[in-house]
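Under our numbering, think of the first position of the sequence shown as 204, with each following residue one higher. The structure under discussion appears below in the form of structure tokens.
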Amino acid sequence: MENRINIQKVEPAAYQAMFGLEKYLSTSTVDPILLELIKMRASQINGCAFCLNMHSADARKMGETEQRLYLLNAWKETTLFTKTEEAVLALTE
204 MENRINIQKV
214 EPAAYQAMFG
224 LEKYLSTSTV
234 DPILLELIKM
244 RASQINGCAF
254 CLNMHSADAR
264 KMGETEQRLY
274 LLNAWKETTL
284 FTKTEEAVLA
294 LTE
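Take a look at the structure:
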């Protein structure tokens, strides 16, 4: 396994922007579980195991089900997600 890039050291401005967005989203009216689904789907696409582990743990703490987390990669082929969630996942892709 390759070492992870330390974005805070390599690109501090990008790191600051990323956490600025996180701070903004934490005060928004967007459902926190929906935000975790977005982060998980993006992490699946990017192939980031570290991020998947982190976001799935966060989603579980918020009450997300194991079944939906397991099927997130195949969200188009299941009826477990709402129309809103499907739209957001499509935009994520």
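Glycine included, every Cβ here is placed at the ideal spot set by N, Cα and C.
- Taken through DSSP and simplified to helix, strand or coil, residue 240 comes out as helix.
- Taken in chain order, the unbroken stretches of alpha helix (DSSP H) that lie wholly in the region 231-292 and span 4 residues or more are 235-249, 252-264, 269-274.
- Between residue 228 and residue 238, the gap from beta carbon to beta carbon is short of 8 Å.
- When DSSP states are grouped into helix, strand and coil, residue 210 belongs to the helix group.
- Note that the C-beta distance between residue 283 and residue 240 is not below 8 Å.
- Of all alpha-carbon atoms in 218, 232, 255, 231, the one lying nearest the alpha-carbon of residue 242 is that of 255.
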